[in-house]
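Read the structure below first, then the notes.
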Amino acid sequence: MTLLTTEALTLEVDGRRLVEGLALAIRPGERWCVLGNNGTGKTRLLETLLGLHPPAAGAVHLDGRALSAWPARARARRIGLLAQHEEDPFPLTVEEAVRQGGHPWRRDALGLAPLPDAVAERIEAAVAALELAPLRGRNVQTLSGGERRRVAAATLLVQAPRLFLLDEPTNHLDLRHRPGLLRPFLEATGRGHALVLVTHALELVEQVATHVLFLYGDGRWRAGVPEQLLTRTALEALYGVRLEACRTPQGRRLWYVPDEVGLRPE
């Protein structure tokens, strides 16, 4: 069973072809990490999978149906996005903002019916997981970038789509909160959800990916399992820089640019 497939998907921005003929099949439990330099189409891909932009060619299918055939609320129960940048046009409290994630699950189209018990439980779980309890009454427009990031992540957890799209989710986060933001999404893949994660953090990819997608920005792409793609030759070709790797005491591999100031090993 597949949650989402792309068929010969082609993405263009301002006449520039970023991705050509992309064929993906994303299944429950999978964690896809999307890698590439800035401007190679990573964000555009997530937004196209969500239906925010039409592809230049090809198609996206969600649960076996064309993406465009899904009503908005039904689509939101199946796929959702943590965008790279948060926009908070209204002075909602953190509590109100997080509750917005439950809207697709209300029993009435106008959103006036009480939230189902399962959604109320997800609200409490997300607030706890993202350490938002002290901020529940705060205006989201007064929060720091990292705090707003955690609110947006909690809102998506409450939405609970079958496929999570995360665009550089640890942006703006301090070291303490980075693991806590990702953990509930990773745990959800163990319950049949799937994850597509855009990131520049190769150490994160090494830890969590079941599949990897490279975007080169000139139409080319490459997809496979980490053992195939997370090699020095493949990564150097993707990023256009020389890379080295070292191991932590726990055995994790860390990639670095040896010529970068401050990163040259002794």
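The letter at position 218 of the sequence shown is residue 216 when you use our numbering, and the numbering goes up by one with no holes.
We treat Cβ as the ideally placed atom computed from N, Cα and C, and that holds for glycine.
Taking only beta-carbon atoms, is residue i less than 8 Å away from chain B?
i: R148; result: The displayed structure is made up of one protein chain only, and chain B is not part of it.
Counting only the same chain and skipping the five closest in sequence on each side, list residues whose C-beta sits under 7 Å from that of residue i.
i: A268; result: Coverage of the chain is limited to positions -1 through 264, which leaves residue 268 absent and any answer about it impossible.
i: G34; result: K40, F212, L213, Y214, G215 and L236
i: D61; result: L1 and R76
i: A197; result: Per the sequence shown, the amino acid found at residue 197 is Thr instead of Ala. C31, E166 and V203.
i: H51; result: R42 and E45
i: Q98; result: T153
i: L48; result: I77, L79 and L163
Enumerate in chain order the residues of its own chain whose CB-to-CB distance from residue i is below 8 Å, with the five nearest sequence positions on each side excluded.
i: V149; result: E84, V92, A95, V96, L128, L130, L133, V138 and L141
i: A199; result: T168
i: A243; result: R230, R251, L252, W253 and Y254
i: T38; result: L16, L213, Y214 and G215
i: T246; result: L252
i: R73; result: G49, L60 and L65
Run through DSSP, which three-state label would residue i get?
i: W68; result: coil
i: R73; result: helix
i: H51; result: coil
i: A127; result: helix
i: V117; result: helix
i: E10; result: strand
i: C244; result: strand
i: G188; result: coil
i: H198; result: coil
i: Y237; result: helix
i: F212; result: strand
i: R148; result: helix
i: V255; result: coil
Grab me the residues of residue i's own chain with a C-beta within less than 6 Å of its C-beta, minus the 5 sequence neighbours each way, in chain order.
i: D86; result: V138 and Q139
i: G190; result: P26
i: G78; result: L154, Q157 and P159
i: G217; result: R15 and E18
i: Q226; result: none
Residue i: which of the options sits nearest, CA to CA?
i: P89; options: Q226, G135, R251 and D165; result: G135
i: A23; options: H51, L44, G99 and V58; result: V58
i: A192; options: R75, H51 and E10; result: R75
i: G222; options: R230, A207 and A111; result: A207
i: H209; options: L65, L7, E5 and V32; result: V32
i: Q205; options: R245, S66, R250 and R73; result: R250
i: L44; options: R240, L163, P182 and T197; result: L163
i: H170; options: L110, Q82 and T4; result: Q82
i: T3; options: A72, R245, L161 and R146; result: L161
In angstroms with no decimal places, state the Cα-to-Cα distance between residue i and residue j.
i: V255; j: P224; result: 20 Å
i: D257; j: L113; result: 54 Å
i: A21; j: V117; result: 34 Å
i: E201; j: P177; result: 12 Å
i: L184; j: R14; result: 34 Å
i: G100; j: A124; result: 12 Å
i: E119; j: R104; result: 14 Å
i: R174; j: R181; result: 12 Å
i: P263; j: V239; result: Note that P263 has pLDDT 47, beneath the 50 cutoff, so the model's placement of it is unreliable and the number below is only indicative. About 17 Å.
i: E5; j: D12; result: 22 Å
i: G188; j: M(-1); result: 16 Å
i: I121; j: Q248; result: 35 Å
Can the beta-carbon of residue i be found less than 8 Å from the beta-carbon of residue j?
i: V17; j: W253; result: no
i: G143; j: D172; result: no
i: L195; j: R29; result: yes
i: E10; j: A54; result: yes
i: L228; j: E234; result: no
i: R147; j: P102; result: no
i: G56; j: L7; result: yes
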